[in-house]
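**Q**
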């Protein structure tokens, strides 16, 4: 019999990026650390090709898409894969391998947190 | 007497960037043109220093700030000016010169439009 126990899988980088850390940008000046974490997410959406891919996944009928579903953005499949990986690293997408393909889905909590960052508080 | 008339000042680039062009990213895949316009705004917030400056202006008491008000982000005044100009070019800030200083304020309609882009529609 083995002594090895299944430990919960830790994904430190993903978790770090995903955490909706911060108040709305209009509430108070961000600290350097808050800005560092948050800028990563905005940067991931700051590229036109990546933004198109993100909206392709985000609006996919089944709520998920693989590279095999995406063919009309005018870049090669390796480039599509590269950008989807970047979006995942920024915490905006999650992925699951099934057979040959990796399927991506939007992480709704992160999207909601980003949306909240941009809400304007009514000022006098 | 002079024939020169004051013409209304056109700011084509600023106007173009400001227009809240697009539906939520989750609604349908973005076209290349929509992605191009929208990525500019996200890219502007995709830099930690720029994001700190943006939140400093956005949360300023009078609703506006000049370079003279911002001194604690650890970069030089010319760098602060450069980043504020970038944020303005992306349509996220507006500016007004008064005396020696240029005062910046957040463009709330653009912020609201970006926030809306990130809203998640309930999917089955």
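Chains as they are written, first to last, in the UniProt record's numbering: chain Y, 1 to 124; chain B, 1 to 124.
Quick reminder that beta carbons are idealized off the backbone N, C-alpha and C, glycines included.
Keep in mind it's a predicted model, so treat the numbers as computed, not measured.
What residues in its chain sit with their C-beta under 6 Å from that of residue 105 of chain B, if we drop five residues either side in the sequence?
**A** Reading the second chain from its first residue, position 105 is the one you call residue 105 of chain B. Closer than 6 Å at Cβ, skipping near neighbours: 63, 64 and 94.
**Q** Consider the Cβ of residue 91 of chain B: report whether some Cβ of chain Y lies at a distance smaller than 8 Å.
**A** In the second chain, counting from the first residue as 1, residue 91 of chain B sits at position 91. Not one chain Y Cβ lies under 8 Å of residue 91 of chain B.
**Q** With respect to the alpha helix (DSSP H) encompassing residue 79 of chain Y, which residues constitute its N-terminal and C-terminal limits?
**A** Position 79 of the first chain, counted from the start, is the residue given in the question as residue 79 of chain Y. 77–89 is the span of the alpha helix (DSSP H), which, as asked, contains residue 79 of chain Y.
**Q** For the beta strand (DSSP E) containing residue 168 of chain B, list its first residue and its last residue.
**A** Outside the shown range of chain B, which is 1 to 124, sits residue 168 of chain B, and nothing can be said about it.
**Q** Under a three-way DSSP split, which group does residue 106 of chain B fall into?
**A** As a working mapping, residue 106 of chain B is identified with position 106 in the second chain. Residue 106 of chain B falls in the strand class under three-state DSSP.
**Q** At a Cβ threshold of 8 Å, is residue 18 of chain B touching chain Y?
**A** Along the second chain, read from residue 1 onward, the residue named residue 18 of chain B stands at position 18. Caution applies to residue 18 of chain B, whose pLDDT of 47 falls short of 50 and renders its modelled position unreliable; the model cannot decide the point.
**Q** For chain Y, is any of its Cβ atoms less than 8 Å away from the one on residue 38 of chain B?
**A** Taking the first residue of the second chain as 1, we reach residue 38 of chain B at position 38. So, interface residue.
**Q** Whose Cβ in chain B lies nearer than 7 Å to the Cβ of residue 27 of chain Y?
**A** Here the question's residue 27 of chain Y lines up with position 27 in the first chain. Neighbours of residue 27 of chain Y on chain B, chain order: 59.
**Q** Here's a check: name, in chain order, each residue in its chain whose Cβ is nearer than 7 Å to the Cβ of residue 68 of chain Y, leaving out the five neighbours to either side.
**A** As a working mapping, residue 68 of chain Y is identified with position 68 in the first chain. Here the set comprises 101.
**Q** Check the Cβ-Cβ distances between residue 106 of chain B and every residue of chain Y, and say whether any is below 8 Å.
**A** In the second chain, residue 106 of chain B corresponds to position 106, counting from 1. With 8 Å as the cut-off, residue 106 of chain B counts as an interface residue toward chain Y.
**Q** So, for residue 71 of chain Y: in the same chain, excluding its five sequence neighbours on each side, which residues have a beta-carbon less than 7 Å away from its beta-carbon?
**A** Numbered from 1 along the first chain, position 71 holds the residue referred to as residue 71 of chain Y. So no residue of the chain qualifies.
**Q** For residue 83 of chain Y, count the other beta carbons within 10 Å of its own beta carbon; 16 or more makes it buried, fewer makes it exposed. Which is it?
**A** Locating residue 83 of chain Y in the first chain gives position 83, counting from the first residue. Under this definition residue 83 of chain Y is a buried residue.
**Q** According to DSSP, simplified to helix, strand and coil, what is residue 62 of chain Y?
**A** Your numbering for residue 62 of chain Y matches position 62 in the first chain. Note: residue 62 of chain Y maps to coil in three-state DSSP.
**Q** Tell me which residues share the same chain as residue 66 of chain Y and place their Cβ nearer than 8 Å to its Cβ, disregarding the 5 neighbours each side in the sequence.
**A** Taking the first chain and counting its residues from 1, one reaches residue 66 of chain Y at position 66. So the list reads 101, 102, 103 and 104, once near-sequence residues are dropped.
**Q** For residue 25 of chain Y, name the three-state secondary structure that DSSP assigns.
**A** Position 25 of the first chain holds residue 25 of chain Y. It is coil, neither helix nor strand.
**Q** Flag this pair as yes or no: are the beta carbons of residue 52 of chain B and residue 30 of chain Y separated by less than 8 Å?
**A** The residue given as residue 52 of chain B occupies position 52 in the second chain. The residue given as residue 30 of chain Y occupies position 30 in the first chain. Yes, Cβ-Cβ distance for residue 52 of chain B and residue 30 of chain Y is below 8 Å.
**Q** In the DSSP output, which residue or residues are listed as bridge partners for residue 94 of chain B?
**A** In the second chain, residue 94 of chain B corresponds to position 94, counting from 1. Paired residue(s): B/105.
**Q** Quick one: grab the DSSP three-state call for residue 57 of chain Y.
**A** Here residue 57 of chain Y corresponds to residue number 57 of the first chain, with the count starting at 1. Helix at residue 57 of chain Y.
**Q** As a quick exercise: from B/111, B/38 and B/78, pick the residue whose alpha carbon is nearest that of residue 25 of chain Y.
**A** Taking the first chain and counting its residues from 1, the one referred to as residue 25 of chain Y is at position 25. Nearest C-alpha to residue 25 of chain Y: B/111.
**Q** Given that a residue counts as buried once 16 or more other Cβ atoms are within 10 Å of its Cβ, and exposed if not, what is residue 107 of chain B?
**A** Start at 1 with the first residue of the second chain, and residue 107 of chain B comes out as number 107. Burial call: buried.
**Q** Could you tell me the boundaries of the alpha helix (DSSP H) in which residue 42 of chain Y lies?
**A** Position 42 of the first chain, counting from 1, holds the residue named residue 42 of chain Y. Taken as a continuous stretch (DSSP letters only), the alpha helix (DSSP H) holding residue 42 of chain Y covers 32–44.
**Q** Quick one: is the Cβ of residue 71 of chain Y within less than 7 Å of any heavy atom of the ligand GTP?
**A** The ligand GTP is absent from the structure shown, which contains no ligand whatsoever.
**Q** Can you give me the C-alpha to C-alpha distance between residue 15 of chain B and residue 88 of chain B, rounded to a whole angstrom?
**A** Translated into the one-based positions of the second chain, residue 15 of chain B becomes position 15. Translated into the one-based positions of the second chain, residue 88 of chain B becomes position 88. For residue 15 of chain B, the pLDDT reaches just 43, beneath the cut-off of 50, and the residue's location in the model is therefore unreliable, leaving the point undetermined.
**Q** Does DSSP classify residue 69 of chain B as helix, strand or coil?
**A** Here the question's residue 69 of chain B lines up with position 69 in the second chain. Of the three classes helix, strand and coil, the one that applies to residue 69 of chain B here is helix, per DSSP.
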